[in-house]
Amino acid sequence: MNPQLLFWVPVALRLSLFLIAAAVVGYFFGPVAGLAAGLICLIVLIVVQLNYLFLLSGWLDHPESEKLPDGWGAWTDIFSRLYKLRRDDERNRADLSEWLARFRQAMSLLPDGVAIMDDVLFLEWCNPAAEKHLGLNNSRDKGMRVTNLIRNPDFIDYIILGRYDQPLTLSLRDRKLIVQIIPFENRRQILVTHDATESERIEMMRRDFIANASHELRTPLTVINGFLEIAQSQPDLDQSVRMSHLKLMIEQGERMQNLVEDMLTLTRLESIDYPVRAEHVNIHNLLEQILQEAKALSGGRHKISMLIDGPDIQGSNDELRSAFSNLVSNAVRYTPEGGSIEIAWKQTEAGVQFSVKDNGIGISAEHIARLTERFYRVDKSRSRETQGTGLGLAIVKHVLLRHDAGLTIESEPEKGSTFTVRFAAHRQTLA
Ligand code: ADP
């Protein structure tokens, strides 16, 4: 129904009731009594309206604590609409604060930093990632100018130049950060920070790897090309010289092949799409094969012994063979003639362990931490002489990572080295 009608019809009805009552009194008791009755009705009506106005004014002072009366006449409708408005308002507020809490929680889980500043760069709010990246503290630094909080010349220049359409790469607190300011709402700006330390490190590793791999491949290729050019320009070369060139070319070709195979192995081991196969590894068979290979590589120049006193494990046969044989072949290659090598598989209190001990050339302390880096060698020429690719220990590290195992290296120059692999207890299979 029309709201105006809804309001005016009850008012008109009540007024007519009063008029009829006044007319009835006037009819029975004379016009003066009728007028007095009408006046009294009017006064009662006004007092009732004033009372409701008073109640309404009191309620407006404390809408949350006071209860509104049910009302009478048009007031019933007014009060019930006010009630509804208040309920809607409460619901909106609850929705809003719930949304705000959710927004804050989402912001606090964000790996990227977000700081909100006003138009003159005074900090209004920032999430935990921004606190971590920029060294801010949301409660302590609120209301302070970010240029006073982030005292970095590159950042200050970025603000002065105001070229906010481009991000800025910043070295701050031992991190590589990508920061960008995004103006919004005319009077506010968001500062977004992204920690690029890890991706920068990976990018650097990738660049180093390509540079090293190209360098490693270039040397044998140069040798092979050199001999091929000689063969082309001097067709009547002596047969014995030709044979020695061919032998050297085959060696360099093998070196390239080893290198490419090691690079492919590393790439495969690093791939997340290539999960480790959990199969039963027969340690006895595996180590016996490795021992035979080591003896063949040594050619009788070393004394090689082996002790197996531990259970089999779960893992990938191929990967473990590659890791163990890398360690054993290193021991052979870096131990001078007459030296001894001890291979052991033992059960210890901490779990099962594999160790290779030699009394070879050893490694000085400053190199030990870097040995598992790709292409890291203590002595480049010696590694090449012994057909090393510089990738062996990097492969070992990756295989062990995939098998929840750790590698420890103890070594002393001129005395020898011990490489120990420790497996987590859950890798063991019951004997
Ligand atoms: P490479 O193919 O050059 O042997 P690795 O990654 O297997 O590459 O080893 C890295 C470096 O660690 C080697 O170049 C060598 O200098 C050193 N190294 C590894 N094992 C031994 C060892 N048993 N004794 C002495 N030095 C070793």
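In terms of my numbering, the sequence shown opens at residue 1 and continues consecutively.
Heads up, the beta-carbon is just placed ideally off N, CA and C, and yes, glycines get one too.
{"Query": "Taking 8 Å as the cut-off, decide whether the C-beta atoms of SER139 and ASN127 are in contact.", "Result": "no"}
{"Query": "Less than 7 Å between C-beta atoms, sequence neighbours within five positions excluded: which residues of the same chain meet that for ALA394?", "Result": "LEU266, THR372, GLU373, ARG374"}
{"Query": "By alpha-carbon positions, which one of ALA106, GLY34, THR389 ends up nearest to GLY253?", "Result": "THR389"}
{"Query": "Give the straight-line distance between the Cα atoms of LEU149 and ARG175, rounded to the nearest whole angstrom.", "Result": "17 Å"}
{"Query": "Only counting the same chain, and skipping five residues up and downstream in sequence, which positions put a Cβ closer than 7 Å to that of MET243?", "Result": "none"}
{"Query": "Please find out if some non-hydrogen atom of the ligand ADP comes closer than 7 Å to the beta-carbon of ALA331.", "Result": "yes"}
{"Query": "For the beta strand (DSSP E) that GLU261 lies in, which residues bound it at each end?", "Result": "It is not in any beta strand (DSSP E) - GLU261 instead sits in the alpha helix (DSSP H) that spans 239-270."}
{"Query": "For SER240, count neighbouring C-beta atoms within 10 Å of its own C-beta (all shown protein chains included) and say buried if the count is 16 or more, exposed if not.", "Result": "exposed"}
{"Query": "Considering only residues of the segment 312-373, which uninterrupted alpha helix (DSSP H) runs meet the minimum length of 4 residues and lie entirely inside it, listed in chain order?", "Result": "317-333, 365-368"}
{"Query": "State yes or no: is the C-beta of LYS295 within less than 8 Å of the C-beta of ILE308?", "Result": "no"}
{"Query": "Can you give the Cα-Cα distance for PHE122 and SER271, rounded to whole angstroms?", "Result": "46 Å"}
{"Query": "Which word fits PRO220, buried or exposed, when buried means at least 16 other C-beta atoms lie within 10 angstroms of its C-beta?", "Result": "buried"}
{"Query": "Which whole runs of the alpha helix (DSSP H) in the segment 90-173 are 4 residues long or more, in chain order?", "Result": "128-134, 138-141, 146-149, 153-161"}
{"Query": "Please give me, in chain order, every unbroken run of the alpha helix (DSSP H) with length at least 4 that falls completely inside the segment 19-91.", "Result": "31-61"}
{"Query": "Leaving aside the five residues before and after LEU286 along the sequence, list all residues of the same chain whose C-beta is less than 8 Å from its C-beta, in chain order.", "Result": "ASN317, LEU320, ARG321, PHE324"}
{"Query": "Under a three-way DSSP split, which group does ARG188 fall into?", "Result": "strand"}
{"Query": "Within 10 angstroms of its Cβ, does ASN330 collect 16 or more other Cβ (buried), or is it exposed?", "Result": "buried"}
{"Query": "Leaving out five residues on either side along the sequence, give the residues of the same chain with a beta carbon under 8 Å from the beta carbon of ARG268.", "Result": "TYR274"}
{"Query": "GLU200 to ARG87, Cα distance in whole Å?", "Result": "54 Å"}
{"Query": "I'd like to confirm the pairing. Which residues does DSSP put opposite LEU407 in its beta bridges?", "Result": "VAL421"}
{"Query": "Measure the beta-carbon distance from ARG367 to GLY339 and round it to whole angstroms, keeping in mind my assumption that it falls under 8 Å.", "Result": "What sits at residue 367 in the sequence shown is His, not Arg. Not quite, the Cβ-Cβ distance comes to about 20 Å (not below 8 Å), so this is no contact."}
{"Query": "Going by C-alpha to C-alpha distance, which of VAL179, HIS245, LEU172 sits closest to ARG164?", "Result": "Note that residue 164 is Tyr in the sequence shown, not Arg. It is VAL179 whose Cα lies nearest to the Cα of TYR164."}
{"Query": "CB-CB under 6 Å to MET249, same chain, minus the five flanking residues each way: which ones, in chain order?", "Result": "ILE224, PHE227"}
{"Query": "Decide if the segment 402-415 is in contact with the segment 359-366; the criterion is three or more beta carbon pairs, one per stretch, under 8 Å apart.", "Result": "yes"}
{"Query": "Please report the straight-line C-alpha distance between ARG255 and TYR158, rounded to a whole angstrom.", "Result": "50 Å"}
{"Query": "Compare the Cα-Cα distances from ILE313 to each of LYS142, THR429, VAL47 and report the closest residue.", "Result": "THR429"}
{"Query": "How about ASN326: is its Cβ closer than 7 Å to a heavy atom in the ligand ADP?", "Result": "yes"}
{"Query": "May I ask whether a heavy atom of the ligand ADP can be found less than 7 Å away from the beta carbon of LEU269?", "Result": "no"}
{"Query": "Counting along the chain, where does the beta strand (DSSP E) carrying LYS507 start and finish?", "Result": "The shown model of the chain, from 1 to 431, leaves out residue 507, and the question about it has no answer."}
{"Query": "Any heavy atom of the ligand ADP inside 7 Å of the beta-carbon of ALA394?", "Result": "yes"}
{"Query": "Within the continuous beta strand (DSSP E) that includes HIS280, where are the two ends?", "Result": "279-281"}
{"Query": "Examine the ligand ADP and report whether any of its heavy atoms sits within less than 7 Å of the Cβ of SER108.", "Result": "no"}
{"Query": "Compare the beta carbon distance of ILE202 and GLN189 with 8 Å and say whether it is the shorter of the two.", "Result": "no"}
{"Query": "For the structure I just gave you, are there three or more beta carbon pairs, one from the segment 34-41 and one from the segment 83-102, closer than 8 Å?", "Result": "no"}
{"Query": "Let me know the secondary structure DSSP gives ASP195 once reduced to three states.", "Result": "strand"}
{"Query": "Consult DSSP for ARG402 and reduce its assignment to one of helix, strand or coil.", "Result": "helix"}
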